[in-house]
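Q: Throughout, the numbering used here is defined as the position within the sequence shown, counted from one, plus 72. Note that beta-carbon positions come from the ideal geometry of N, C-alpha and C, so glycine has one too.
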Amino acid sequence: MVGRTSTTQWNVMDDVAPLVSATVRQPALVPDSCIDAFAELGVCYLPGAFVDWVDPLRAGLERMMRTPQDFAFPNESAAEDEPGRFFDAYCNWQRVPEFLLYTLTSSAAAIAAQCMQSPTAQFFHEHVFAKESGTEKKTPWHHDLPYYCVDGRQTASVYVALDDTDEETAVRFLGGSHRDGNTYTPRRFLSGADYPQEDESMVSAPSDETESPHRVISRSLVAGDAIVFDFRTLHGTTDVRIQSRRRAFSTRWLGEDVRYVERPGITSPPLGDLGVRVGEPMPEHLFPTLWHTPR
Ligand SMILES: O=C(O)CCC(=O)C(=O)O
Numbered sequence: 073m074v075g076r077t078s079t080t081q082w083n084v085m086d087d088v089a090p091l092v093s094a095t096v097r098q099p100a101l102v103p104d105s106c107i108d109a110f111a112e113l114g115v116c117y118l119p120g121a122f123v124d125w126v127d128p129l130r131a132g133l134e135r136m137m138r139t140p141q142d143f144a145f146p147n148e149s150a151a152e153d154e155p156g157r158f159f160d161a162y163c164n165w166q167r168v169p170e171f172l173l174y175t176l177t178s179s180a181a182a183i184a185a186q187c188m189q190s191p192t193a194q195f196f197h198e199h200v201f202a203k204e205s206g207t208e209k210k211t212p213w214h215h216d217l218p219y220y221c222v223d224g225r226q227t228a229s230v231y232v233a234l235d236d237t238d239e240e241t242a243v244r245f246l247g248g249s250h251r252d253g254n255t256y257t258p259r260r261f262l263s264g265a266d267y268p269q270e271d272e273s274m275v276s277a278p279s280d281e282t283e284s285p286h287r288v289i290s291r292s293l294v295a296g297d298a299i300v301f302d303f304r305t306l307h308g309t310t311d312v313r314i315q316s317r318r319r320a321f322s323t324r325w326l327g328e329d330v331r332y333v334e335r336p337g338i339t340s341p342p343l344g345d346l347g348v349r350v351g352e353p354m355p356e357h358l359f360p361t362l363w364h365t366p367r
């Protein structure tokens, strides 16, 4: 079965505040060079930042991949006649103990706040990706912001490689695309096609990196390396065959200026019933602020 197969309820807890106040996040000091690259290019690399988290995050992901129907928003994006497996799923952080622990105690929140240059980092959700050995399916070029029911300039994904990944098959970025003023139409991972056009102001992302005026940024990764990127930075992959499975765990963070928006199409995740009004911050009981920069 391909595409989004089934989903369970994502918000298992009514209010995450008690868990947040009972836990402490690890601090981190992001080098200025990384903060500058994030501002300039929309992406920066933190080698080895999450080495200690590789095993627990792999264990959580492994369970999801075995029984995807028990988890929220699972997708299979390699078609039945295509080799390999391209799995992704999101909004399972309340359900998978390893993901919950990482979210509430790791330095991801501190790293996101510094890269976004925001005094706070509010947690949006997590997203896992796995391509099995033999997969040729590319991740289509896209940026994340228009998939989401939020808008703002201070956003960051903290993407942790869970396997060593060569440069040809690692996720790659179009440097500076977060500042080009365009909003790119969301794209389906299975077909690579744009969502039906419901917002006239959006433009189609390049289908190939050679079509873009922006510089391609790509690196090989070692398990535990982190990439931090803006929700507006275009990213994707090649269709080079994956030689050994490559998995990743990404958390999505909102800075101080981010607010709830309604989009003409369906958002991912589809969060239409939050009781929040356009222009308000995302509700804390479900999307907790996990970092306040000490004064
Ligand atoms: O790992 C990949 O191929 C895709 C990652 C991605 O699209 C994301 O983190 O938003």
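Just how far apart, CA to CA, sit L172 and E334?
A: 28 Å
Q: Mapping the DSSP letters down to three states, classify V348 as helix, strand or coil.
A: coil
Q: Using a Cβ-Cβ distance cut-off of 9 Å, determine whether V333 contacts chain D.
A: Given the protein chain composition of this structure (a single chain), no chain D is represented.
Q: What three-state label does DSSP hand D160 in the structure shown?
A: strand
Q: Quick check: the Cα distance between T305 and N83, rounded to an integer number of angstroms?
A: Their backbone Cα atoms lie some 28 Å apart in a straight line.
Q: Indicate whether Y332 and V348 have their beta-carbon atoms separated by less than 9 Å.
A: yes
Q: With a threshold of 8 Å, establish whether the CB of D216 neighbours any heavy atom of ligand 1.
A: yes
Q: I'd like the span of the beta strand (DSSP E) that includes I299, first residue to last.
A: A298 to F301 is the span of the beta strand (DSSP E), which, as asked, contains I299.
Q: Answer yes if the region 141-158 comes into contact with the region 99-116, meaning at least three C-beta pairs across the two stretches below 8 Å, and no otherwise.
A: no
Q: Going by beta carbon distance, what residues of the same chain come within less than 8 Å of G118, once the five residues before and after it are set aside?
A: Note that residue 118 corresponds to Leu in the displayed sequence, not to Gly. Counting only Cβ-Cβ distances below 8 Å, and skipping sequence neighbours, we find V102, C106, I183, D297, A298, I299 and V300.
Q: In the DSSP assignment, find the beta strand (DSSP E) that holds R251 and state where it starts and stops.
A: It is not in any beta strand (DSSP E) - R251 carries neither H nor E in the DSSP assignment.
Q: Quick check on this structure: which residue in T139, D302, R367 and R318 has the alpha carbon closest to the alpha carbon of T207?
A: When only C-alpha atoms are compared, the closest one is R318.
Q: Check the C-beta distance from W363 over to A193 and give it rounded, since I have them as a contact under 8 Å.
A: Their Cβ separation, rounded to whole angstroms, is 4 Å, which keeps W363 and A193 in contact under 8 Å.
Q: Judging by CA-CA distance, which residue of I289, P360, Y174 and V123 is the nearest neighbour of G55?
A: With the chain covering 73 to 367 only, the question about residue 55 has no answer from this structure.
Q: Counting C-beta neighbours from all protein chains within 10 Å, is the total for I289 16 or more, i.e. buried, or is it exposed?
A: buried
Q: Considering only their Cβ atoms, is the gap separating T323 from S205 smaller than 9 Å?
A: no
Q: Hey, would you say E240 sits closer than 9 Å to P336, going by beta carbons?
A: no
Q: Can you tell me where the beta strand (DSSP E) holding A228 begins and where it ends?
A: T227 to A233
Q: Near D266, what residues of its chain come up, given a Cβ to Cβ distance below 6 Å and the 5 sequence neighbours on each side ignored?
A: T257, R259 and S276
Q: My assumption, with CB atoms under 8 Å, is that V222 sits in contact with T309. Please give the rounded CB distance.
A: No, V222 and T309 are not in contact; Cβ-Cβ is about 25 Å, not under 8 Å.
Q: So what does K203 bridge to, in DSSP terms?
A: Its beta-bridge partners are F158 and R318.
Q: Got a sec, what are the start and stop residues for the alpha helix (DSSP H) I183 sits in?
A: A180 to M188
Q: To which residues of the same chain is M274 closer than 6 Å at the C-beta, ignoring the five residues directly before and after it?
A: These residues qualify, in order along the chain: T255 and T257.
Q: Mind checking T227: buried by the 16 CB within 10 Å criterion, or exposed?
A: buried
Q: My understanding is that Y220 touches F303, with C-beta atoms under 8 Å, so please give their C-beta distance in whole angstroms.
A: Right, their Cβ atoms sit about 7 Å apart.
Q: If we call anything under 9 Å between Cβ atoms a contact, is A180 one with F122?
A: yes
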